[in-house]
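Here is the structure we will look at.
Rendered as structure tokens:
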């Protein structure tokens, strides 16, 4: 966890003597922190969320520039427009009685060395992709692998993370899901191993399938197949390659999703989300966390716990936000998302080898001026920090490096918008230093690099009583469903088993 200075009450009096009282104070308003906070508020606790930035949402916040609304982080969602759902974030929204208007679509664009193609999700359309790019026997290999993963997914999809808690009470909250729990225990070794081992056991030899699965692993976890948990891929396959599947995007942008979680906190008595509230230190009294001190001198006293939604560091991103004129392009010629792979012959996680381009205004035109699109292009979590370390923001050297490192992003967007330079109305390049500054993430990171089979994510507990962690640096890890599950684990562990069981009846859990 990113370190916070812990101070005792004997230290000097703060400049601002205002003291806020709460039951639980949460450091950071990322999805995990807001899921935790909104659930605790729904359980009846007074909750104060302290966000250093002037927008709530952490790595998922949204911002506006010259009529364009940009997402700063995740924009690819699934399982949120359906009920019942296996998605832990949907469970939180159901539990707190909030939602957004979900726009749905069923295809994303792909640029790979072999060619460009639209990639519809679902079981049928991928057969056409295999027929085009796969070799002899590719379909049989794919069908065999899918059958195996769907069997594994009965374990991953049959047990809602919402039922978990960090004490012996879990025996009661998990009891309604005993059959799925037994399947999970039986499948544990396979689910916790690297996905590359599954590919070997299933004799997946077709080059296109191996490359494709390696790409999927990297997009999901920022790691190639030999570092990605099989459980993650089993969940994805069950979700993406089922009949009738759609992908989701919130009308109004990711900020609308964050707004729903903020409402979940603030609609309850004693619930508040403070922005521009930078936490300077955790207050320690009697050997336990007693609250936080803000940079402006205010104190937030917590009678029950301090929850940190700060994180440890690992993989990084370089990204650009663009406002692009597109009135001359044919309607329907642009997809909402694209994945660009430059070279299969180098490691999939080589810097700049995979570029993601998100164009949410394809689904929601209100996010950009008429005839224009907002574009968020980024490297998939592997921009090296070392090249930026020691450079001063705003210097000629820093600006020159930004242009140099962003070229691969601009080239990817150019494939979607020919003549890109002449179309640009807004152009913003973000670096790991940008994230370090605005998201308060050590070296601009998005979670730890935990390699399957070699290490595991830590739990939420810390050596300091009353201080617990949530977010992408603790179990179950990186990604929107995972951080939502992390937030629910912390929240549910702070309430009685009977309150927890009562809330389980509201989440709308269902496998796919």
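In the working numbering, the protein residues as written are 88 to 599.
Beta carbons are placed, not taken as given, at the ideal position from N, Cα and C, and that holds for glycine.
It should be emphasised that the depicted structure is a prediction, and the values quoted were computed from it without experimental measurement.
Segments assigned beta strand (DSSP E), at least 3 residues, entirely inside the region 267-309
none
For residue 637, which residues from the same chain have a beta carbon less than 8 Å from its beta carbon, with the 5 sequence-adjacent residues on both sides left out?
Not covered by the structure: residue 637. The range shown for the chain is 88 to 599.
Among 425, 133 and 118, the one whose alpha carbon lies nearest that of residue 112:
Among 425, 133 and 118, the Cα nearest to that of residue 112 is on 133.
Based on the DSSP output, what are the partners of residue 498 in its beta bridges?
Beta-bridge pairing links residue 498 to no other residue.
Residue 581, DSSP secondary structure in three states:
In the structure shown, residue 581 sits in coil (DSSP, three-state: anything other than H, G, I, E or B).
6 Å Cβ shell around residue 148 - same chain, five flanking residues per side excluded
Closer than 6 Å at the Cβ level, and outside the excluded window around residue 148, lie 142 and 159.
Jot down the residue ranges of each uninterrupted beta strand (DSSP E) in the region 133-208, minimum 3 residues, whole runs only, in chain order.
If we require 3 residues or more, the beta strand (DSSP E) runs fully inside the region 133-208 come out as 134-137, 149-152, 155-158, 189-192, 194-199 and 202-207.
Taking all protein chains shown into account, do 16 or more other C-beta atoms lie within 10 angstroms of the C-beta of residue 585, making it buried, or fewer, making it exposed?
exposed
Could you give the distance in angstroms between the alpha-carbon of residue 233 and the alpha-carbon of residue 226?
10 Å
Just the C-alpha distance for residue 256 and residue 583, rounded to the nearest angstrom, thanks.
Taking the straight line joining both Cα atoms gives about 8 Å.
Work out the CA separation of residue 157 and residue 360 for me, nearest whole Å.
For residue 360 and residue 157, the distance between alpha carbons rounds to 22 Å.
With a CB to CB cut of under 6 Å and the five nearest residues on each side skipped, what residues in its chain are close to residue 375?
552 and 553
Buried or exposed by the 16-neighbour rule on C-beta atoms within 10 Å, applied to residue 394:
buried
Taking Cβ to Cβ, would you say residue 164 is nearer than 8 Å to residue 336?
yes
How many Å lie between residue 101 and residue 377 at the Cα?
Because residue 101 carries a pLDDT of 43, less than 50, the predicted location of this residue cannot be relied on, and no value is offered for it.
Nearest residue (CA-CA) to residue 121, options 571, 453 and 597
Taking residue 121 as reference, the option from 571, 453 and 597 with the minimal CA-CA separation is 571.
Helix, strand or coil at residue 592 according to DSSP, with G and I counted as helix
Secondary structure at residue 592: coil, using DSSP grouped into helix, strand and coil.
Where residue 559 and residue 115 are concerned, what is the direct C-alpha to C-alpha distance, given to the nearest angstrom?
12 Å
Selection from 348, 305 and 384 that minimises the alpha carbon distance to residue 466:
305
Report back the beta-carbon spacing between residue 414 and residue 458 to the nearest angstrom; my notes put them in contact at under 8 Å.
Confirmed, about 3 Å.
Which value, in whole angstroms, describes the spacing of the CA atoms of residue 351 and residue 578?
14 Å
Below 7 Å CB to CB, which residues in the same chain sit around residue 246 once its five sequence neighbours on both sides are set aside?
264, 267, 268 and 271
Cα-Cα, which of 213, 198, 221 and 285 is closest to residue 236?
285
By a C-beta neighbour count over all protein chains shown, 10 Å radius and 16 as the cutoff for buried, is residue 434 buried or exposed?
exposed
Could you spell out where the alpha helix (DSSP H) holding residue 603 opens and where it closes?
Any answer about residue 603 is impossible in this case: the structure gives the chain only from 88 up to 599.
Closest by CA to residue 191, which one among 105, 180, 125 and 334?
334
Within this structure, are the beta carbons of residue 252 and residue 580 separated by less than 8 Å?
yes
Skipping 5 residues on each side, what residues in its chain have a beta carbon closer than 6 Å to that of residue 347?
In its chain, beyond the 5 residues on either side, 185 and 187 have a beta carbon closer than 6 Å to the beta carbon of residue 347.
Please classify residue 177 as buried or exposed, where buried requires at least 16 neighbouring CB atoms within 10 angstroms.
buried
Simplified DSSP assignment, three categories, for residue 236:
helix
Going by alpha carbons, who is nearest to residue 162 out of 562, 448 and 478?
448
What residues in its chain sit with their C-beta under 8 Å from that of residue 308, if we drop five residues either side in the sequence?
314, 315, 316, 319, 564, 565 and 566
Unbroken alpha helix (DSSP H) run spanning residue 510, endpoints:
507-510
Taking the alpha carbon of residue 409 as the point to measure from, which residue in 215, 444, 343 and 561 has its own alpha carbon closest?
444
DSSP on residue 463, reduced to helix/strand/coil?
strand
Excluding the five sequence neighbours on either side, which residues of its own chain have a C-beta within less than 8 Å of the C-beta of residue 324, listed in chain order?
233, 236, 237 and 240
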